[in-house]
Amino acid sequence: MAELRADVLVLGAGMVGVGAALHLQQRGRDVIVVDRHELAGEETSFGNAGLIECASVFPYMFPRDFGQILRYAMNRAPQVRYRLSDLPTFLPWLMRYFLASSPDRAMHSAMAELPLIRRSLIEHEALIAEAGVPELLRRTGWIKLFRSEATLAAAAVDFERARQYGVAGEVLDAGAIAAREPNLTGDFAGAVYLPAPGFVPDPGGLAKAYAALFGRKGGRFVVGDARTLEQDAGGWRIAGPNGAVVARDVVVALGPWSDLVFRPLGYKIPLGVKRGYHLHLAPRGNAVLHHPVLDSDLGYLLAPMNRGIRLTTGVEFARRDAPPTPVQLKRALPRAHALFPLGEAVDAKPWIGARPCLPDMLPVIGKAPRHAGLWFNFGHQHHGLTLGPATGRLLAEMMTGETPFADASPFAVERFG
Ligand SMILES: Cc1cc2nc3c(=O)[nH]c(=O)nc-3n(C[C@H](O)[C@H](O)[C@H](O)COP(=O)(O)OP(=O)(O)OC[C@H]3O[C@@H](n4cnc5c(N)ncnc54)[C@H](O)[C@@H]3O)c2cc1C
């Protein structure tokens, strides 16, 4: 059996793995990407809302408002739901998330991530140009609708806070909403319009376009199971379909499945998941949705994807591999039909995915402390499409001894002791 050799194995061909592979390749490394699927971008990086969220300065932290916590605890809020039977498995993680969401620590997370967020669209623009897929980036920005004066007022305060970090946008009244999105129906207190974020109408297609670029530049893709990873004197090896695949360095970029590799190696990293669902629906007649639109108070988002209008849900806390319970999707569907002229579902069943999250909402990026040549790049939470290429740059700079463009210390795995 032939043995394949490279400088680096990247485990996982989502946006994060492909972003890292391209940046390593740009720095002269011979890279093999390994995934259990034959194509890149088939999992979480396929199913997201398509936002390149360069305006998202403040990560999604655990709420500190008692009323909001109570609403979530009652399991009636559309934004967040939990599977009661799974509560014992994720409660310890939720406690860590709560503690990491104190105002000081939340601010620390926001400031640590800010250089990556600011870099996010720049990195995508460069890769999209090189990959030759300008149609996969729309410069529409997005709209957050609010149905109550209270939630609009709170959002306006958040927006003012973000503005201090250079975020552009405007608060829209009902007339301005109608001018931007003539097909929406409802009683809106107002909206916040963020013009800068990019929108990707086929996120899985973008990961595939990046993987194709990687292939054109000599990168190799192997179908294999990352759980076969072993270390020996020659470095790291996994079992490929035609023999071993071997490299000195390995990058774990398995998103919500990263624990399948780090846990057997003895790392106790508190990786949790926030599950989410989507379903595509055909627009009715000639109705056009011009921007992704978040119906904030009702907890779902509509995004005008190439495949149809993608309805994405908020967060579901559950075991990663628990059977799907698309309650939020079912509740959102009639509300979405009332908001925008939607026709038949395009998909036979809802898609389910899992946002890979650390309690401080920062990814783990950098060298594993106890194994030579082992590198981590996972836990991109709500922003993995956004951040994949930027964190890929950061990791590649660290691996090749360049000066990193951002302080990488907040992302070190050592923060978990
Ligand atoms: C509903 C929803 C909406 C979202 N909206 C947005 C958004 O608008 N903007 C944004 O920036 N982010 C968004 N996100 C988050 C974003 O999608 C994720 O952060 C991101 O996709 C994570 O990328 P990844 O490459 O780390 O993981 P993945 O894309 O899941 O990639 C991991 C890869 O590992 C592979 N793998 C797993 N196990 C094995 C194994 N044993 N062997 C080999 N390979 C394996 C998988 O096949 C997969 O290809 C959203 C997420 C959800 C769920």
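Heads up: the sequence shown begins at 582 in the working numbering, then just goes up one per residue. Ideal Cβ positions, reconstructed from N, Cα and C, are used throughout, including at glycine.
Check	Outcome
Within the present structure, is the beta-carbon of D876 separated from the nearest heavy atom of ligand 1 by less than 8 Å?	no
Is any heavy atom in ligand 1 found nearer than 8 Å to the beta carbon of H861?	no
Would you mind working out which of P776, L765, A772, I709 sits nearest V999, comparing C-alpha positions?	Nothing about residue 999 can be reported from this structure: the residues present for the chain run from 582 to 998 only.
Please state the DSSP three-state secondary structure of Q660.	coil
Where does T893 sit, in a helix, a strand or coil, going by DSSP?	strand
With the cut-off set at 9 Å, would you say G609 and E704 are in Cβ contact?	no
Just to check, is the beta-carbon of L725 closer than 8 Å to a non-hydrogen atom of ligand 1?	For clarity, residue 725 is Lys in the given sequence; the question names Leu instead. For ligand 1, not one heavy atom lies less than 8 Å from the Cβ of K725.
How many angstroms separate the CA atom of H859 from the CA atom of A814?	45 Å
Locate the alpha helix (DSSP H) running through W674, then write down its first and last residues.	668 to 680
Can you find at least 3 beta carbon pairs, one from the region 770 to 784 and one from the region 934 to 950, that sit closer than 8 Å?	no
Are G767 and L920 close, meaning C-beta to C-beta below 9 Å?	yes
Rounding to the nearest angstrom, what Cα-Cα distance links A953 and G982 in this structure?	15 Å
Which residue wins for smallest C-alpha separation from D588, given the options L955, F997, F959, F986?	L955
Pair every Cβ in the region 753 to 761 with every Cβ in the region 607 to 625, then say whether three or more of these pairs are closer than 8 Å.	no
Would you identify the three-state DSSP class for L841, choosing helix, strand or coil?	helix
If you reduce the DSSP assignment to three classes, tell me which class Q745 lands in.	coil
Which of the three DSSP states is assigned to Y848 in this structure?	coil
If distances are taken between C-alpha atoms only, which option among S990, G713, V896, L718 comes closest to G664?	The question names Gly, but residue 664 is Arg in the sequence shown. For the residues S990, G713, V896, L718, the minimum Cα distance to R664 belongs to V896.
Decide yes or no for the touch test of the region 925 to 935 against the region 692 to 708: beta carbon pairs closer than 8 Å, at least 3 of them.	no
Quick check: is any heavy atom of ligand 1 less than 8 Å from the C-beta of M886?	no
Starting from M980 and walking both ways along the alpha helix (DSSP H), at which residues does that stretch end?	965 to 980
Closest to A899 by C-alpha separation, out of A863, R662, W723, P784, would be which residue?	R662
Distance, Cα to Cα, A917 vs I890?	10 Å
When you compare only the Cα positions, how much space is there between E741 and A749?	10 Å
Nearest to G713 by CA position, among P907, G786, F647, L672, is which residue?	G786
So who's on the other strand from N958, going by DSSP bridges?	I946
Using 10 angstroms around the beta-carbon of H963, count the other beta-carbons present and answer buried if the total reaches 16, otherwise exposed.	buried
Going by C-alpha distance, which of Q649, L585, A602 is nearest L976?	A602
Using beta-carbon positions only, say whether F1023 and L835 come within less than 9 Å of one another.	Lying outside 582 to 998, the shown extent of the chain, residue 1023 is not represented and no answer is given.
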